[in-house]
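Novice: Structure below; questions to follow.
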Amino acid sequence: MSAGRRVLLLLAVPVLLVVAWWTATAGSTNFFWPPLSQIAGTFGETWFTGRFAADVLPSLARLLAGYLAAVALGVGLGTAIGSSPTLRGLLEPVLEFFRAIPPPVLVPILMLFAGIGNGMKVLVIVSGCVWPVLLNTVEGVRALDEVLRDTARSYRMRRRSRLIHLVLRGASPQIAAGARQALSIGIILMVISEMFAASNGVGFTIIQFQRSFAVPQMWTGIILLGLIGIVLSMIFRWAEARLLRWYTGLRMSQREG
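If you use this note's numbering, the sequence shown corresponds to residues 8 to 264, in order.
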């Protein structure tokens, strides 16, 4: 597929949705459903006259801190649990129990121990993002070929070399899948944590707009969150394509063969 056709397919649905929204709201007199032209007209004034540094950047910083901490924790624990059948059998019921708890429910509890500062918001993001990374890492490590493990032992590879070149490399497609799921969860929890107790952030600002009946500005915040999600997804896919280039090449050779 050519690059031009790929870009066309990528933009087709968003463009159609924007055109449909613009057409459906043109001339709208509904206070809660303003025309898209009015929303677009207030977007720059709302977010690029001081709020970007005061609200957007702190939200992204908290998201990045929580997301990276969750990935590091999930990969570390998942590798240990996936490599040990005893540890896996011991912890699996506990993991399934905590995984079933919706992370927003933990916000009031985390507020009691961590207060209402940035630490609480980062902990909320970690509490939700860690599970897809952890469980996918466990499954990725469990699925490693036993022949490869035995071969590594036969050649007396050092434990660190086995961990980096065999375990983590072999489980990296599963880890990437979990990290991709965690990214979308992290954006949701970033907003929720800021809606509960905050003095800045995108979620806090959207709630303030809603409470003051600044409806067009509220819609600009929702659109901004969608744009943030798209940009972060594109960055993730770019990094994934380079880190997993070996896996992509292997899959292509298998299909062609």
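From the three backbone atoms N, C-alpha and C, an ideal C-beta is built for every residue, glycine too. Note that the structure is predicted; figures quoted are calculated from it, not measured.
Between residue 145 and residue 208, is the Cβ-Cβ spacing less than 8 angstroms?
Specialist: Taking 8 angstroms as the Cβ cut-off, residue 145 and residue 208 do not qualify as a contacting pair.
Novice: Which of helix, strand or coil does DSSP assign to residue 162?
Specialist: Coil, per DSSP.
Novice: If we ignore side chains and look at the alpha-carbon of each, how far apart do residue 123 and residue 231 end up?
Specialist: Each residue's Cα considered, the two are about 24 angstroms apart.
Novice: Please state if the CB of residue 175 and the CB of residue 155 are separated by a distance shorter than 8 angstroms.
Specialist: Contact flag unset, no.
Novice: Would you call the stretch 195-203 and the stretch 11-29 touching, i.e. three or more CB-CB distances under 8 angstroms?
Specialist: Not touching, per the Cβ criterion.
Novice: Can you give me the start and stop residues for the alpha helix (DSSP H) that residue 134 sits inside?
Specialist: Residue 134 -> alpha helix (DSSP H) spans 125-149.
Novice: Does the beta-carbon of residue 142 have 16 or more other beta-carbons within 10 angstroms, so that it is buried, or is it exposed?
Specialist: So residue 142 ends up on the buried side.
Novice: Under 8 angstroms: do the stretch 37-52 and the stretch 94-111 share three or more Cβ pairs, one atom per stretch?
Specialist: Cβ pair count under 8 angstroms is below three, so no.
Novice: Indicate whether residue 203 and residue 114 have their beta-carbon atoms separated by less than 8 angstroms.
Specialist: Going by C-beta atoms, residue 203 is nearer than 8 angstroms to residue 114.
Novice: Going by alpha carbons, who is nearest to residue 148 out of 82, 161, 60?
Specialist: Cα-wise, what sits closest to residue 148 is 82.
Novice: State the CB to CB distance for the pair residue 139 and residue 185, rounded to an integer number of angstroms; the pair is presumed to be in contact (CB under 8 angstroms).
Specialist: The pair is a contact, with the Cβ atoms about 4 angstroms apart (cut-off 8 angstroms).
Novice: Taking 7 angstroms as the limit between beta carbons, can you name the residues of its chain near residue 94, skipping five residues before and five after?
Specialist: Only 87, 88 meet the Cβ criterion.
Novice: Could you pull the start and end residues of the alpha helix (DSSP H) that residue 251 belongs to?
Specialist: Careful: residue 251 lies outside any alpha helix (DSSP H) and carries neither H nor E.
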